[in-house]
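Line by line, the protein sequences give chains F and C.
The first sequence runs 62 to 319 under the working numbering.
The second sequence runs 59 to 366 under the working numbering.
Using N, Cα and C, we set each Cβ at its ideal position, and we do this for glycine too.
Small disclaimer: the values here were computed from a predicted structure and weren't measured.
What follows is a set of notes on a single structure, which appears directly below.
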Amino acid sequence: MDNTQEPKLKIRARKLSFFYEGGHQALFDNDLDIPERQITAVIGPSGCGKSTHLRTYNRIYSLHRGQRAEGEVLLDGENILDPKTDLLTLRRRVGMIFQKPTPFPMSVFDNVAYPLRLHFRLSHKEIAERVEAALQGASLWDEVKDQLRKSGLALSGGQQQRLCIARAIAAEPEVLLMDEPTSAIDPVATLKIEDLVLRLRERFTIVIVTHNMQQAARISDRTAFFYKGRIVEVGPTKQIFTAPKEKKTEEYITGRFG
Amino acid sequence: METIAKPAVAERPAAPQGAPSLASLGRPPYRPLFWRKLQDNLVQGFSVLALALAVGVMLWILATILLRGSEALSWDFLTTLSAPHGFKGGIGNALAGTLCITLFAAVIAVPPAICAGIWLAEFGKKSRLADALRFSANVMMGMPSIVVGLFVYMILVVPMGANSGLAGSVALAILMFPVVMRTTEDMLMMVPDTLRESGLALGLTRCRVTLQIICRAARNGMVTGVLLAVARVSGETAPLLFTAQFAKTWPTAFFTGPTANIPVLINDYGMSNFEDLQTAGWGASLVIAVLVLSVNVIARVAFRDKKD
Ligand SMILES: Nc1ncnc2c1ncn2[C@@H]1O[C@H](COP(=O)(O)OP(=O)(O)O)[C@@H](O)[C@H]1O
Ligand SMILES: [Mg+2]
Chain F
62 MDNTQEPKLK
72 IRARKLSFFY
82 EGGHQALFDN
92 DLDIPERQIT
102 AVIGPSGCGK
112 STHLRTYNRI
122 YSLHRGQRAE
132 GEVLLDGENI
142 LDPKTDLLTL
152 RRRVGMIFQK
162 PTPFPMSVFD
172 NVAYPLRLHF
182 RLSHKEIAER
192 VEAALQGASL
202 WDEVKDQLRK
212 SGLALSGGQQ
222 QRLCIARAIA
232 AEPEVLLMDE
242 PTSAIDPVAT
252 LKIEDLVLRL
262 RERFTIVIVT
272 HNMQQAARIS
282 DRTAFFYKGR
292 IVEVGPTKQI
302 FTAPKEKKTE
312 EYITGRFG
Chain C
59 METIAKPAVA
69 ERPAAPQGAP
79 SLASLGRPPY
89 RPLFWRKLQD
99 NLVQGFSVLA
109 LALAVGVMLW
119 ILATILLRGS
129 EALSWDFLTT
139 LSAPHGFKGG
149 IGNALAGTLC
159 ITLFAAVIAV
169 PPAICAGIWL
179 AEFGKKSRLA
189 DALRFSANVM
199 MGMPSIVVGL
209 FVYMILVVPM
219 GANSGLAGSV
229 ALAILMFPVV
239 MRTTEDMLMM
249 VPDTLRESGL
259 ALGLTRCRVT
269 LQIICRAARN
279 GMVTGVLLAV
289 ARVSGETAPL
299 LFTAQFAKTW
309 PTAFFTGPTA
319 NIPVLINDYG
329 MSNFEDLQTA
339 GWGASLVIAV
349 LVLSVNVIAR
359 VAFRDKKD
């Protein structure tokens, strides 16, 4: 199914397996290509390993003792699972948005300025400029421009999630990982975020986990279907949703289980 | 098979005018990682050092009392009456007295403290009365324990005309009450509101929801809180000096007369000039330390919230 004019592959997972504490294996030999500046959707029934897979891409799992990944995750050809990988650099390059919005307990402005101050040496003016640009980029500026001093926690759920996106893109990552970013958010706010994700595609490589198949169909270029820790099928989103090759995929997208 | 059309991306908002976009600003140069990591390592280093200090002091204390106290330790030491200098004695009466005084204090303090904690968490919440109760509990927790001892001396020992184990229990109960009340409240507050609402939604009364669902959910934390409070007060000395005082006999006159107990024994023996008494004091220290430690361990291990 690979066309000749494939874009560059930003991330390549090779024989990726994952083990939770106590040796419980959650991923089995995952092979997945993430093309640059495209949206890759990861779908599958709950508990199939979507989050687990995503969380290897920035090694965020390493916060938890006893969790371990095997195989390779190549970011621009470099295996980030290598223990020598510098985690700060990796996470600067690979941003993440979580299921529940996670604004920090500080003002809207400071939420976005925080990564700017940490990562870059910028003047106050430059920071203000970039905070505005990031909030614009996250389609939030118009709603919060008069309340930048307000606590980030005081925003609505959808706004909080967009604030988190603004915070993530302010750090100028190359890849954005999103783990069900709209599942805790109302439908209207969800559409806003989907729209936003489509715009972010121009600058970022995006991997989005979703349990919402319409969402995957609406926004993604490619879709990977996970089942019980294995990748059953990967392909262009259109093909996955109209002409799946695997029986399991068809059963899932037609809602026969999940 | 159902297919889902991919809509055209028409409703994209127009690119914002005015302010430059992040894309046009580009990525500024990074701060050097070196300093950030150094900072990280320094902070981690300091926390390890602080931990080592805390653990070190604890080990030092334990080592000292082990070293000094173990030579006094024997079955006889634990089971015989205390004796003056020159006679072979034990700490049996003090041990029994401490158990009586502490347990009776728990009997007096725990039921009302748990009720008060339940009231605070489930009913009083943010009311004025609840805030006043919390404030006075905090004040009580900061009260020097010798003041509590003097207070009980005034209200109980003087009218009764005698020191008594009961007075000691009352003093310890006063110290326990606010601690148990606040931990009970904290534990209940950690139970999510959805559980309360689910109970009420089934048509249960507030009382049933509180006692049978919320308290059950918080049970382990509450028991741990009680055990830790008991362990904490069992070694209190100051409140017992004026109340239980000490007796060279078994604690048979718990309600009417002075009652032996370990903290006061340690206090008396520690200040004596006789080596045999000092050794016995160290032995008693070892015994109470081991008791307190084991209650702590039991509280942590046995009543840990188990994940299913
Ligand atoms: N912290 C954890 N400890 C142990 N097992 C876990 C943990 N998190 C997830 N798992 C297991 O790993 C599997 C995949 O989980 P996850 O990646 O969260 O699924 P998904 O995101 O697709 O719903 C599940 O079987 C789950 O039980
Ligand atoms: Mg998940």
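Residue i to residue j span [Cα, whole Å]
{"i": "valine 168(C)", "j": "phenylalanine 235(C)", "result": "7 Å"}
{"i": "alanine 360(C)", "j": "valine 350(C)", "result": "15 Å"}
{"i": "proline 96(F)", "j": "isoleucine 267(F)", "result": "9 Å"}
{"i": "valine 355(C)", "j": "serine 292(C)", "result": "15 Å"}
{"i": "proline 248(F)", "j": "valine 288(C)", "result": "53 Å"}
{"i": "arginine 126(F)", "j": "arginine 153(F)", "result": "22 Å"}
{"i": "phenylalanine 104(C)", "j": "aspartate 251(C)", "result": "39 Å"}
{"i": "glutamate 233(F)", "j": "cysteine 273(C)", "result": "49 Å"}
{"i": "isoleucine 280(F)", "j": "leucine 259(F)", "result": "6 Å"}
{"i": "serine 82(C)", "j": "arginine 264(F)", "result": "11 Å"}
{"i": "tyrosine 327(C)", "j": "alanine 338(C)", "result": "7 Å"}
{"i": "lysine 243(F)", "j": "glutamine 160(F)", "result": "According to the sequence as given, residue 243(F) is threonine; it is not lysine. Cα-Cα distance, rounded: 7 Å."}
{"i": "alanine 231(F)", "j": "isoleucine 314(F)", "result": "35 Å"}
{"i": "arginine 42(C)", "j": "aspartate 244(C)", "result": "There is no way to answer for residue 42(C), as the model of chain C reaches only from 59 to 366."}
{"i": "histidine 272(F)", "j": "alanine 285(F)", "result": "12 Å"}
{"i": "lysine 145(F)", "j": "phenylalanine 92(C)", "result": "16 Å"}
Local conformation of residue i per DSSP, three classes
{"i": "aspartate 240(F)", "result": "strand"}
{"i": "serine 227(C)", "result": "helix"}
{"i": "threonine 310(C)", "result": "helix"}
{"i": "isoleucine 72(F)", "result": "strand"}
{"i": "isoleucine 149(C)", "result": "coil"}
{"i": "serine 327(F)", "result": "In this structure chain F extends from 62 to 319, so residue 327(F) is not present and cannot be described."}
{"i": "arginine 116(F)", "result": "coil"}
{"i": "serine 105(C)", "result": "helix"}
{"i": "arginine 89(C)", "result": "coil"}
{"i": "arginine 191(F)", "result": "helix"}
{"i": "proline 176(F)", "result": "helix"}
{"i": "aspartate 94(F)", "result": "strand"}
{"i": "valine 249(C)", "result": "coil"}
{"i": "isoleucine 301(F)", "result": "helix"}
{"i": "glutamine 86(F)", "result": "strand"}
{"i": "threonine 61(C)", "result": "Model confidence at threonine 61(C) stands at a pLDDT of 47, short of 50, so the residue's coordinates are unreliable; what they give is reported in the following sentence. Note: threonine 61(C) maps to coil in three-state DSSP."}
{"i": "threonine 266(F)", "result": "strand"}
{"i": "arginine 362(C)", "result": "coil"}
{"i": "alanine 349(C)", "result": "What sits at residue 349(C) in the sequence shown is leucine, not alanine. Three-state result, leucine 349(C): helix."}
{"i": "leucine 135(F)", "result": "strand"}
{"i": "alanine 130(F)", "result": "strand"}
{"i": "alanine 77(C)", "result": "coil"}
Whole-angstrom C-beta distance between residue j and residue i, which should lie under 8 Å
{"i": "methionine 239(C)", "j": "alanine 171(C)", "result": "4 Å"}
{"i": "glycine 223(C)", "j": "proline 297(C)", "result": "Actually they are not in contact, since the Cβ atoms of glycine 223(C) and proline 297(C) sit about 12 Å apart, beyond 8 Å."}
{"i": "arginine 120(F)", "j": "leucine 149(F)", "result": "Actually they are not in contact, since the Cβ atoms of arginine 120(F) and leucine 149(F) sit about 11 Å apart, beyond 8 Å."}
{"i": "phenylalanine 181(F)", "j": "alanine 130(F)", "result": "That belief does not hold up - the Cβ atoms of phenylalanine 181(F) and alanine 130(F) are roughly 30 Å apart, past 8 Å."}
{"i": "isoleucine 246(F)", "j": "glycine 218(F)", "result": "5 Å"}
{"i": "leucine 335(C)", "j": "phenylalanine 304(C)", "result": "Contact doesn't hold; Cβ gap of about 13 Å is too wide."}
Exercise. Should the region 341-356 of chain C be called in touch with the region 126-143 of chain C, which here means at least 3 C-beta pairs below 8 Å?
Worked result: yes
Problem set entry | Meets three-Cβ-pair contact criterion under 8 Å: the region 272-280 of chain C and the region 223-235 of chain C | no
For this session: At 3 residues or longer, and completely inside the region 138-166 of chain F: list those beta strand (DSSP E) runs for me, N to C.
Result: 155-158
Problem set entry | Secondary structure, alpha helix (DSSP H): runs of 4+ residues fully inside the region 199-236 of chain F | 202-205 and 218-231
For this session: Give a yes or no on contact between the region 136-149 of chain C and the region 201-218 of chain C, applying the rule of three or more CB pairs nearer than 8 Å.
Result: no
Exercise. Pairing CB atoms from the region 177-196 of chain C with CB atoms from the region 316-334 of chain C, are three or more of them under 8 Å?
Worked result: no
Problem set entry | Given 8 Å, three or more beta-carbon pairs between the region 235-245 of chain F and the region 187-199 of chain F | no
For this session: Pair every Cβ in the region 197-216 of chain F with every Cβ in the region 162-171 of chain F, then say whether three or more of these pairs are closer than 8 Å.
Result: yes
Problem set entry | Sufficient close CB pairs (3 or more, under 8 Å) joining the region 308-318 of chain F to the region 104-117 of chain F | yes
Problem set entry | At least 3 beta-carbon pairs within less than 8 Å: the region 249-257 of chain F vs the region 94-110 of chain C | no
Problem set entry | Whole alpha helix (DSSP H) elements within the region 126-172 of chain C, 4-residue minimum | 133-137
Problem set entry | Secondary structure, alpha helix (DSSP H): runs of 4+ residues fully inside the region 179-238 of chain C | 186-200 and 203-210
Exercise. Can you give, in chain order, each stretch of the alpha helix (DSSP H) that sits fully within the region 268-323 of chain C and has at least 4 residues?
Worked result: 277-292 and 296-299
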